[in-house]
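Residues 0 to 627 (numbering that gives the first Met the number 0) make up the sequence shown, in order. For each residue, glycine too, the CB sits at the ideal point set by N, CA and C.
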Amino acid sequence: MIKRFPFHHLSLRRQSIQNHKNFDVVICGGGLIGSSIAYNLSYLGYNNVLIINTHSVDKVRLWKSSGIVSHLHSNALERSLVKDSTQFYKKLHNDGIDIGSTINVKSHILTPSILKKEADYLNTTDLKGALMIEEDCLIESFKLKKYYYTKFMEKNVTLVENTNVVKIIQQPDKTFTLFTNTGSYNSKALVNCAGLNARNIGMSSQPKVYIPSYPCSHHTLISKYNFESDRMPIIRDFDGGIHIQFRPKDSYIKMGGYELFGEPILPEKGNNVNMYNLKPEWNKFNSMLHEFLFRIPFLSNQKADHLTNYAESFSPDGKFVFGESLEVPKYYVIAGLCARGLQSSYDLGHQMAHLIVNGFTPKCMDFFDVKRFIKLHNNKNYLIKRISEATSLSTTIMYWNTESSHLITCRNIRSSVISPRLVDYAVFGQTNAYERPLYFKIQPADNEKDEIDIITNNQKNMNEEVSLFKKPIWFKNVEREYWACRKNAGILDMSSYSKAEISSENEEALNLLQYICSNDVDKPVGSVVHTGMLNEFGGYENDCSIVRLGKYRFLMISPTIQQRRSYYWIKRHIKPNSLVKDVDLTSMYTVLNIVGPHSQELLQSITETSLDVVNFPTVSTNIEKPII
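Encoded structure:
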């Protein structure tokens, strides 16, 4: 059943800030996320907060948002955020606050025959089954946003409207000065959740803050329809990348989704992008229209009322961008919400408020951490190409390909020097924009030849071999590699791993590493120490190996994804006026890992120095010239 409660009018009052310029927190962005952060901060006792909105709250109505709150997501963290946000929405709903509709349907699997009885308008010829999800609901984003505003303004949080952020400068005392078209403001902490403008504001900040997110067009089709029943489900077709809402009370059907390749928007100069009135493009919408008509054939007899086109902000990997920026302490970011911000708005605001007030989040948010990106990801040309493909990641089943192997844009940007030797044999994935071989092709048996022939370095063909739940076609390839390493010798290309040199002319470098490493790194020159770098809460900031190259010279080797995070973690602990140098050397060295019981024998064949355990102990280093 769909239940609706009366909407209680929520009037808003503005506060004069003529003589109020200094705040504990300034929030750039008055959308759902910004208002949720302000709401949660106010309930944590932070009331000296300014929220800057580029529009008037009363005039902007986010009716184009689908409003769907879905619990079916590919990662556990997003499911958790949606779950806790839904509990909050239900509480408001039960308290009589009208923020939308709830659908009370038991969650269970439907066979195609039962599905056809439940919804005879659906085409089920290609389906193996369907899932009814009890917790899914519809939220009116404008009403939810207005509720947030009313509550945080009751606690004296300050709001300014019709205001654009021009520039942000971090002062020598680590506070921020924000320059806007209506005046300047000072704050101890800053949150950039400005949606489409988040990246632009980050780039106009001093120092610059890199926020890889970019606007992409997003279409919605409205078709008027008179319903015979008021009990109509939301239809989500993940294979087709579409969702369909039946709105019996309002007598229309709303259709939306994600194109396989979206259309990035080239914003005008400055921070103002009109996300509400982009020109509809039927030729871009046709692929989704085909999916709508295939899944619900009777729509072909309906007249389309109007097609809307508006922008949403996407990240390069289709995940949220969340956390404290690497470049500037106390500069917090929520961006690239990929048209899914409504679903998690409450809990995202809750997590961010705790990060600001307490220095940590109740949930582990590493999956969405802004620190996973390098500067390359913020390059505009890179973003324009990758975002076109990232739009479809919201409905893509990832299967095993966790290293972006299924993506075809922005490939071959970073690779090791030996990659050209591997290209004829290896199938590559991509981590941190770095090409890495996932497995190697082998000569197939006659009865496998037809299957193996599709394995190529062409990523489109690669989708054909990985998009399945059964035993993958590459299983025998990996099995062969495993036994080669287990019984003989194998060579692993680990050049993508992050590498940095920490050095000084005195003991400062050693003292720094002793302070931030959990293991003792004061070992003899040539030693290798595996260690973690922990934060004040005992959580891992880095997991690395420290090689002592000299008395005050160290090489740090970290996982690929840690390149910027580990580098800036060390930078933040270097004291002012210190002579410690922290230099990123990731692209300077090729790294080969020789493994297996015959690895020592293989290495011995290219050097004249004895590699026995006496001359070359374990967890140690040696610099050798190969035999020419």
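Taking 7 Å as the cut-off, the Cβ atoms of G525 and S35 do not count as close. Looking only at S565, E311, N180, W281, the smallest Cα-Cα distance to I264 is reached by E311. For Q86, no pairing in a beta bridge is given by DSSP. For C337, DSSP assigns no beta-bridge partner whatsoever. In the three-state reduction of the DSSP assignment, C27 falls in the strand class, which pools E and B. The alpha carbon of Q561 has as its nearest neighbour, out of S497, R479, H218, P247, the alpha carbon of S497. For L158, the enclosing beta strand (DSSP E) has its first and last residue at 157-159.
By a beta-carbon distance limit of 8 Å, V190 contacts V24. Their separation comes to about 7 Å.
Ranked by Cα distance from F178, the options G194, S203, L158 are led by S203. Y213 places its beta carbon 7 Å or farther from that of I373. Sixteen is the threshold: since fewer than 16 other Cβ atoms of the shown chains lie within 10 Å of the Cβ of W281, the residue is exposed. Here M287 is buried, its C-beta having at least 16 other C-beta atoms within 10 Å. I168 is the residue among F260, I168, R198, D236 whose C-alpha sits nearest the C-alpha of P206. Around the Cβ of Q429, a 10 Å sphere holds 16 or more other Cβ atoms; the residue is buried.
Annotated three-state conformation of L392 is helix, per DSSP. Residue range 539-549 is occupied by the beta strand (DSSP E) that includes Y539. Between E326 and V208, the CB-CB gap stays under 7 Å. As for any beta strand (DSSP E) of minimum length 3 sitting wholly inside the stretch 535-612, the runs are 539-549, 552-557, 580-583, 591-594, ordered along the chain. Under DSSP, Q169 shares a beta bridge with F175. Within the same chain, Cβ atoms closer than 6 Å to the Cβ of S557 are found at S497, N541, C543, S565, the five residues on either side in sequence being excluded. For C192, DSSP records no beta bridge to any residue.
Residue pairing for F439: DSSP places it in a beta bridge opposite A425. Relative to the Cα of F474, the nearest Cα in the group K440, N93, T390 belongs to K440. For H289, no beta strand (DSSP E) encloses it; the enclosing alpha helix (DSSP H) starts and ends at 281-294. Around L602, the same chain offers I593, L610 as residues with beta carbons nearer than 8 Å, after the five sequence neighbours per side are excluded. Contact between E506 and L584 does not hold, since the beta-carbon distance rounds to 22 Å and is not under 8 Å. Judged by DSSP in its simplified three-state form, T307 adopts strand. The closest CA to that of E160, considering only G29, K248, P279, S586, is found on G29.
Fewer than three Cβ pairs drawn from the stretch 299-309 and the stretch 354-362 lie within less than 8 Å of each other, which leaves the two stretches out of contact. Out of L437, V156, I32, the CA that lies nearest to the CA of S343 is found in I32. For a cut-off of 8 Å, the C-beta gap from V48 to T149 is around 15 Å, too long to register as a contact.
Within a 10 Å sphere around the beta-carbon of A75 sit fewer than 16 other beta-carbons, which makes this residue exposed. Distance from the CA atom of N431 to the CA atom of S112, rounded to whole angstroms, is 45 Å. The shortest C-alpha to C-alpha distance from K127 to any of K253, T110, G201, R479 is the one to T110. Ranked by how close their Cα comes to the Cα of P171, the residues P328, K370, C484 have P328 in first place. The Cβ atoms of S494 and S391 lie no closer than 7 Å to each other.
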